[in-house]
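A.B. asks:
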Ligand SMILES: CC(C)(COP(=O)(O)OP(=O)(O)OC[C@H]1O[C@@H](n2cnc3c(N)ncnc32)[C@H](O)[C@@H]1OP(=O)(O)O)[C@@H](O)C(=O)NCCC(=O)NCCS
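Residue numbers (the numbering used here): 264 to 610.
What follows is the structure, encoded as structure tokens:
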């Protein structure tokens with residue numbers, strides 16, 4: 264089909280004003296991987312003072328996946344990446360760049376992206392990690408998009424992967440019920456005659472960095488026997504404040520993304536919000552004026568998998584047929600930092 268015979272679009276492509284001369288950034292393959300081991304709410308009842316009823320009503324989570332001891336973030340990432348590459352029909356040799364979004368890298372260095380490069384054999388690819396906590400997948404998509412639109416690279420692999428079980432305090436009922444492990448991947452390419460990623464909003468507020476953080480392990484508090492004994496290598500969270508900020512930031516980001524594309528919520532086929540808590544998802548959906556069937560939800564199966572969350576959900580939405588070619592999708596994320604973001608994608 265020649266560009267002139269394409270149907271007129273009913274939305275604005277905000278990228279058009281940059282004169283990319285027909286270049287687009289399309290997601291041509293998606294994939295996800297979750298570890299086999301399931302940890303149910305009933306299992307957690309045996310570990311801390313909690314109940315299935317409390318977890319379900321406050322969060323919507325019923326179970327989450329846990330990586331094996333010898334299964335690392337790079338392994339989860341590789342599982343998701345191989346599926347995305349297969350769907351896109353792209354070999355490891357063809358990948359130009361790998362970006363991994365994670366807060367639980369295998370090691371502080373080298374990057375998990377380099378370890379992933381080795382695992383999948385993408386020997387030509389440049390590789391680096393980005394850290395934007397649960398917002399990492401949209402941050403990484405937007406970075407990848409810059410390389411594709413600028414003609415620097417043609418095939419970019421973006422992965423959100425986290426093994427949160429490695430930084431969760433399994434004795435703290437306030438946090439341990441919320442999180443899980445997993446990975447999601449997307450293969451981004453220039454695809455003529457397709458719109459792809461239309462816009463991505465990114466935001467941050469470092470003044471609220473103390474709402475969700477891990478004190479130990481960095482240059483501020485390197486590992487010592489005392490830091491370990493004091494529990495400084497576990498994730499800490501101020502739940503209620505995080506909740507409020509999440510709803511407001513996700514709402515604002517989503518509205519800004521749609522404003523840029525000059526569309527309203529009815530035009531979105533599938534909304535994929537960060538899967539942290541069903542009540543956050545519902546609150547954001549309601550404030551956006553979305554119908555319940557526009558929202559994609561899988562938080563009951565996996566809990567909060569941080570950077571992997573929307574990536575896994577995107578893969579499941581595609582696999583289940585919820586998203587068809589030409590549909591508009593809205594991704595919305597929020598995480599530690601604080602960070603947030605939203606992206607509109609034409610599938
Ligand atoms: C954590 C969260 C589920 C707590 O829900 P909440 O309605 O705010 O609950 P509260 O903080 O008011 O806690 C209520 C009580 O339940 C208790 N509680 C906490 N976790 C519990 C658990 N797993 N089981 C049973 N009781 C629990 C608290 O100790 C508190 O008891 P108290 O009143 O005696 O002090 C909610 O605040 C949340 O989801 N926040 C956002 C978290 C998030 O998404 N983080 C990641 C962002 S990327």
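Built from N, CA and C at the ideal position, the CB exists for glycine as well.
Scan the segment 292-324 and note each continuous beta strand (DSSP E) run of 3 residues or more that stays entirely inside, going in chain order.
C.D. replies: Segments of the beta strand (DSSP E) lying fully in the segment 292-324: 300-303.
A.B. asks: Taking 8 Å as the threshold (C-beta atoms), are residue 342 and residue 296 in contact?
C.D. replies: In contact: residue 296 and residue 342 (Cβ atoms closer than 8 Å).
A.B. asks: Taking the runs of the alpha helix (DSSP H) that are 4 residues or longer, which of them lie wholly in the segment 323-365?
C.D. replies: As far as the segment 323-365 is concerned, its whole alpha helix (DSSP H) runs of at least 4 residues are 336-351.
A.B. asks: Following a CB-centred definition, is residue 509 positioned closer than 7 Å to any heavy atom of ligand 1?
C.D. replies: Correct: residue 509 has its Cβ closer than 7 Å to ligand 1.
A.B. asks: Relative to the C-alpha of residue 400, which residue among 459, 610, 598 is closest?
C.D. replies: Closest option to residue 400, Cα to Cα, is 598.
A.B. asks: What are the partner residues of residue 536, as DSSP defines its beta bridges?
C.D. replies: According to DSSP, which records beta bridges pairwise, residue 536 is partnered with 595.
A.B. asks: For ligand 1, is there a heavy atom less than 7 Å away from the beta-carbon of residue 500?
C.D. replies: Yes, ligand 1 has a heavy atom inside 7 Å of this Cβ.
A.B. asks: Quick check: what's the CA-CA separation for residue 585 versus residue 494?
C.D. replies: Going from the Cα of residue 585 to the Cα of residue 494 covers about 42 Å.
A.B. asks: So what's residue 503 in DSSP terms, helix, strand or just coil?
C.D. replies: Note: residue 503 maps to helix in three-state DSSP.
A.B. asks: Grouping DSSP H, G and I as helix and E and B as strand, with all else coil, what is residue 426?
C.D. replies: Strand at residue 426.
A.B. asks: Between the segment 534-544 and the segment 573-587, are three or more C-beta pairs nearer than 8 Å?
C.D. replies: The segment 534-544 vs the segment 573-587: in contact.
A.B. asks: Just to confirm my understanding: we take residue 429, look at its own chain, exclude 5 residues before and 5 after, and list those with CB closer than 6 Å. What are they?
C.D. replies: Contacts found: 367.
A.B. asks: What's the call for residue 413, buried or exposed, on a 16-neighbour Cβ count within 10 Å?
C.D. replies: Counting Cβ neighbours within 10 Å, residue 413 comes out exposed, since fewer than 16 surround it.
A.B. asks: Report yes or no: do three or more beta-carbon pairs, one from the segment 381-396 and one from the segment 353-365, lie closer than 8 Å?
C.D. replies: Yes, since at least three Cβ pairs between the segment 381-396 and the segment 353-365 fall closer than 8 Å, the two stretches touch.
A.B. asks: Which same chain residues end up closer than 7 Å to residue 268 when comparing Cβ atoms and leaving out the 5 residues on each side of it in sequence?
C.D. replies: Summary for residue 268: the model assigns pLDDT 46, below 50, so the residue's position carries little reliability; its value from the coordinates is reported in the next sentence. Within the same chain, residue 268 has no close Cβ partners at all.
A.B. asks: So what does residue 290 bridge to, in DSSP terms?
C.D. replies: Note: residue 290 sits in a beta bridge opposite 451.
A.B. asks: Following a CB-centred definition, is residue 322 positioned closer than 7 Å to any heavy atom of ligand 1?
C.D. replies: Indeed, a heavy atom of ligand 1 lies less than 7 Å from the Cβ.
A.B. asks: Sort out for me which residues DSSP pairs residue 465 with in a bridge.
C.D. replies: Its beta-bridge partners are 604.
A.B. asks: What are the uninterrupted segments assigned as alpha helix (DSSP H) that are 4 or more residues long and contained completely in the segment 361-424, given in chain order?
C.D. replies: Fully enclosed alpha helix (DSSP H) runs of 4 or longer: 375-383, 399-412.
A.B. asks: In three-state terms, what does DSSP make of residue 486?
C.D. replies: Here residue 486 sits in coil by DSSP.
A.B. asks: In chain order, what residues of the same chain have a beta carbon less than 6 Å from the beta carbon of residue 389, not counting five sequence neighbours either side?
C.D. replies: Counting only Cβ-Cβ distances below 6 Å, and skipping sequence neighbours, we find 360.
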